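Student: In this note's numbering, the protein residues as written are 2 to 393. Glycine is no exception: its CB is placed at the ideal position from the N, C-alpha and C atoms. As the structure is a computational prediction, the values presented were derived from the model and not from experiment. Supplied in structure tokens, the structure appears directly below.
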């Protein structure tokens, strides 16, 4: 440890920083890290009152009262509801007050309240930046698409790393752990995936195959960055990995060549794709929900424009995005609701949309099904046709 880190650990800079350093140092010991590494940015998940409740709220307020302050730029995940649409979402008084207090505590510590799971759209991160991110889709995007370095930390650990400005130099912060151990090949189903818009399903399959290992993935044709984030979010739902090496995309592959001779190989066929779709075929009718991860401003504008050009929504459509992405767009489309600050997974969706939903997000399908919702996973194009009445 450096002299500054030792002083922080010993309480020279206050109780809150000492608490944070003790946690980070202990995690470094557990993970076998030889030292700590300074981080450039932190992103904290698990800040929805729905998820952390009174205990989590009191924990955050206690840290803030002890003088905790974030040492690096720090952003936060979505909360329990849209701050401007409490009534529309059926938010009770307890949840409202609890979420507001959580945000006030985080703001006191210095957080930037983007309330979005897509910090990579709003924060400048670069190749080999060390980060402390705890949102799975963001971790996968930072590592796999940008080539930054972050472990898939839990929300509390990322919080303490943000306060200390340090992370254990272990896991995906080390070059030797960013090497693939298996090859997942979609070449045999590539054309079908593209034609039917099943990139999110491919992500779910990848996660199930990879588990916590780093896969090299071949045979996926991404049309834009938005498809990459939809795919990676799905990987993070079914798998525990924080890095996917995407052939033709991931910076790690442009920097280094990894021998394939020793890799375990998985050739994905249509049977695996069909089996994944079958897992999420529980709703023939329902509310259409889109935006997990949050829609980018481009995606949001494209969806709204498509609906308008096709005669408007005949069925209810709910879109989730960040406040920054929604700013400046015309949102008053009948039967189309746009929510910011929250998402379909960390809000109580049943209060304002019922328990039967259709979505294009593999991540949302996975988590909503686990929460007892009837879910159908469909491609975005097909989902929008359902909304405007062009399909059943």
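Could you compute how far the alpha carbon of residue 143 sits from the alpha carbon of residue 13?
Tutor: Each residue's Cα considered, the two are about 34 Å apart.
Student: For residue 192, count neighbouring Cβ atoms within 10 angstroms of its own Cβ and tell me buried if that reaches 16, exposed if not.
Tutor: The residue in question, residue 192, is exposed, as its Cβ has fewer than 16 Cβ neighbours within 10 Å.
Student: Nearest-angstrom Cα distance between residue 151 and residue 230?
Tutor: Distance between the alpha carbons of residue 151 and residue 230 is about 16 Å.
Student: Quick check on the DSSP output: what are the complete alpha helix (DSSP H) runs of length 4 or more inside the segment 2–45, in order along the chain?
Tutor: Listed in chain order, they are 4–10 and 16–32.
Student: What first and last residue would you give for the alpha helix (DSSP H) that runs through residue 58?
Tutor: Here the alpha helix (DSSP H) through residue 58 covers 50–66.
Student: Return the CA-CA distance between residue 219 and residue 93, expressed in angstroms with no decimal places.
Tutor: Rounded to whole angstroms, residue 219 to residue 93 spans 47 Å at the Cα level.
Student: Please say whether residue 205 and residue 168 have beta carbons closer to each other than 8 Å?
Tutor: Taking 8 Å as the Cβ cut-off, residue 168 and residue 205 do not qualify as a contacting pair.
Student: Between residue 43 and residue 390, what straight-line distance do the alpha-carbon atoms span, to the nearest angstrom?
Tutor: Cα-Cα distance, rounded: 43 Å.
Student: Look at the Cβ atom of residue 363, then the Cβ atom of residue 335, and state whether they are nearer than 8 Å.
Tutor: The answer is no: Cβ separation not under 8 Å.
Student: Determine the DSSP secondary structure at residue 291, reduced to helix, strand or coil.
Tutor: In the structure shown, residue 291 sits in a strand (DSSP, three-state: E or B).
Student: Leaving aside the five residues before and after residue 49 along the sequence, list all residues of the same chain whose C-beta is less than 6 Å from its C-beta, in chain order.
Tutor: So the qualifying residues of the chain are 80, 81 and 347.
Student: One question on the structure: do residue 112 and residue 71 come within less than 8 Å of each other, judged by their Cβ atoms?
Tutor: Yes, they are a contact pair.
Student: Could you give the uninterrupted runs of the alpha helix (DSSP H) lying entirely in the segment 297–330, keeping only those of 4 residues or more?
Tutor: DSSP runs (the alpha helix (DSSP H)) wholly in the segment 297–330: 298–310 and 324–327.
Student: With DSSP collapsed to three states, give me the class of residue 120.
Tutor: Looking at residue 120 - three-state DSSP - the assignment turns out to be helix.
Student: Does the segment 300–308 come within contact of the segment 271–281, defined as at least 3 CB pairs closer than 8 Å?
Tutor: The segment 300–308 is not in contact with the segment 271–281.
Student: Indicate the three-state DSSP secondary structure (helix, strand or coil) for residue 282 in the structure shown.
Tutor: Strand, per DSSP.
Student: Given a threshold of 16 other Cβ atoms within 10 Å of its Cβ, counted over all protein chains shown, does residue 3 qualify as buried or as exposed?
Tutor: With fewer than 16 other Cβ atoms within 10 Å, it is exposed.
Student: By DSSP's criteria, residue 217 is part of a beta bridge. Which residues make up the other side?
Tutor: Partner(s): 184 and 246.
Student: I need the straight-line Cα distance from residue 235 to residue 24, nearest angstrom please.
Tutor: Straight-line Cα distance between these residues: approximately 30 Å.
Student: Opposite residue 267 in the DSSP bridges: which residues?
Tutor: Residue 267 is bridged to 185.
Student: For residue 367 and residue 22, what's the separation of their Cα atoms in angstroms?
Tutor: Roughly 35 Å between the two C-alpha positions.
Student: Can you give me the C-alpha to C-alpha distance between residue 123 and residue 86, rounded to a whole angstrom?
Tutor: So the alpha carbons of these two residues sit roughly 23 Å apart.
Student: Would you give the residue range spanned by the beta strand (DSSP E) that residue 357 belongs to?
Tutor: Per DSSP, residue 357 belongs to the beta strand (DSSP E) from 357–360.
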